[in-house]
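Engineer:
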Amino acid sequence: MNEKVKAAMERLEQGLETLLDTEEWRKFLQFQATFHRYSFANTLLISIQQPNATWVAGYNRWKALGRFVKKGEHGIEIFAPLLKKKTNKADPTREESDETPQEEENKRILYGYRVVYVFDVSQTDGKPLPSVESPKILTGESHLYTKLQQACPFPVDEVGSLGGANGKFNLFTHQIEIVHALPVAHKAKTLIHEWAHGLLHSNGPVDAMRKPLIELEAESTAFVVGQVLGLDTSEYSFGYITGWSGKEAVNALKACGTRIQQAANSILMALEETQDLRKAI
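Residues in the sequence shown are numbered from 823 upward in steps of one, following the working numbering.
1) Rounding to the nearest angstrom, what Cα-Cα distance links A1040 and K906 in this structure?
2) Let's see if you can read the secondary structure: which residues bound the beta strand (DSSP E) around V1047?
3) For P1034, collect the residues of the same chain with a Cβ closer than 6 Å to its Cβ; drop the 5 residues on either side in sequence, then sort them by chain order.
4) Give me the Cβ distance between Y1104 and L904, rounded to the nearest whole Å; I'm assuming they're in contact under 8 Å.
5) CB V1047 to CB I1014, shorter than 8 Å?
6) Please give me, in chain order, every unbroken run of the alpha helix (DSSP H) with length at least 4 that falls completely inside the segment 946-1028.
7) For G880, which beta-bridge partners are listed by DSSP?
8) At which residues does the alpha helix (DSSP H) containing K826 begin and terminate?
9) Name the DSSP beta bridge partners of I900, please?
10) Taking V937 and E899 to be in contact with their CB atoms under 8 Å, please state how far apart those CB atoms are, rounded to whole angstroms.
11) Leaving out five residues before and five after Q872 in sequence, what residues of the same chain have Cβ atoms less than 7 Å from its Cβ?
12) At the level of alpha carbons, what is the spacing between D843 and E1095?
13) Distance check for I931 and P1005, CA to CA, integer angstroms please.
14) Assign A886 to one of two classes, buried (16 or more other C-beta atoms within 10 Å of its C-beta) or exposed (fewer than that).
15) For the pair the segment 823-842 and the segment 1053-1065, tell me if three or more CB-CB distances fall below 8 Å.
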């Protein structure tokens, strides 16, 4: 089984590399790189005020991109640093600096913060932005879903809606929820994804800055387990992972490889044990 897991990991890495090398994704990532990376505090503020925010920028930045904030939209409040030029008064005790006079002249120091407003792309209209095809929902039946439910150590419930998500692992109750309307094959993939969250990320609240890595680990586990069991999730998994991790997807996958393989092996062993128990009965 371990060899199959390793082979699935290799296929996942190759698939991500191939996807990221397409012209469509190159343009998308180049565009994505032009957006400011916000601090943890500001990322948290954005997620509280606009939970579904994707691309966030100030009014003038959107204007430069050929887009304009829709009438009546309210800005998202974040903090911007207040900086001033550093003034070096003559100080005979000051140590020698390696900086040139010009570098010292240009140095600025933080003296406070002010509130500024940014807007999500959904709050704007105008020039079309580069885009990539959304991950495709898996269709069809799968005998795996029932087996996964039986083997999963976490309670599994189906619900009507999860605010746009397909599944959820509850950090407080350790319960998995899956959207009832999904095709059975996609329910199976989603259950593996949420099961992986339970194994790897259930020790406390999710750090917003680590969210891309967390989603990469869970979806990679879903892909690997699916490959071993004959469920090909590549049409969804590749796009989902690159959507979260961008050009860093392959490097992140390599860095997290051991954790992903351990989670995949844990799920596969649970399935085997359940099947062995049923045979014994």
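Beta carbons: idealized from backbone N, C-alpha and C, even for Gly.
Structural biologist: So, from the listed chains and residues:
1) Taking the sequence shown and counting its residues from 1, one reaches residue 1040 at position 218. Taking the sequence shown and counting its residues from 1, one reaches residue 906 at position 84. So the alpha carbons of these two residues sit roughly 44 Å apart.
2) Along the sequence shown, one-based indexing puts residue 1047 at 225. From DSSP, V1047 is part of no beta strand (DSSP E) but of the alpha helix (DSSP H) over K1033 to L1051.
3) Looking up residue 1034 in the sequence shown gives position 212. Only W1066 and S1067 meet the Cβ criterion.
4) Residue 1104 lies beyond the residue range present for the chain, which begins at 823 and ends at 1103; the question has no answer from this structure.
5) In the sequence shown, counting from the first residue as 1, residue 1047 sits at position 225. In the sequence shown, counting from the first residue as 1, residue 1014 sits at position 192. A contact, by the Cβ cut-off of 8 Å.
6) 966-973 and 1006-1022
7) Position 58 of the sequence shown, counting from 1, holds the residue named residue 880. V940, per the DSSP bridge assignment.
8) For the purposes of this step, residue 826 is taken as residue 4 along the sequence shown, with counting starting at 1. Note, K826: alpha helix (DSSP H), N824 to L842.
9) Numbered from its first residue, the sequence shown carries residue 900 at position 78. In DSSP, I900 forms a bridge with V938.
10) Taking the first residue of the sequence shown as position 1, residue 937 is located at position 115. Taking the first residue of the sequence shown as position 1, residue 899 is located at position 77. Right, their Cβ atoms sit about 5 Å apart.
11) Here residue 872 corresponds to residue number 50 of the sequence shown, with the count starting at 1. Correct list, in chain order: I898 and D942.
12) The residue you call residue 843 lines up with position 21 of the sequence shown. The residue you call residue 1095 lines up with position 273 of the sequence shown. In a straight line, the C-alpha of D843 is about 40 Å away from that of E1095.
13) Your numbering for residue 1005 matches position 183 in the sequence shown. Your numbering for residue 931 matches position 109 in the sequence shown. For P1005 and I931, the distance between alpha carbons rounds to 55 Å.
14) Locating residue 886 in the sequence shown gives position 64, counting from the first residue. Exposed, because fewer than 16 other Cβ atoms sit within 10 Å of the Cβ of A886.
15) yes
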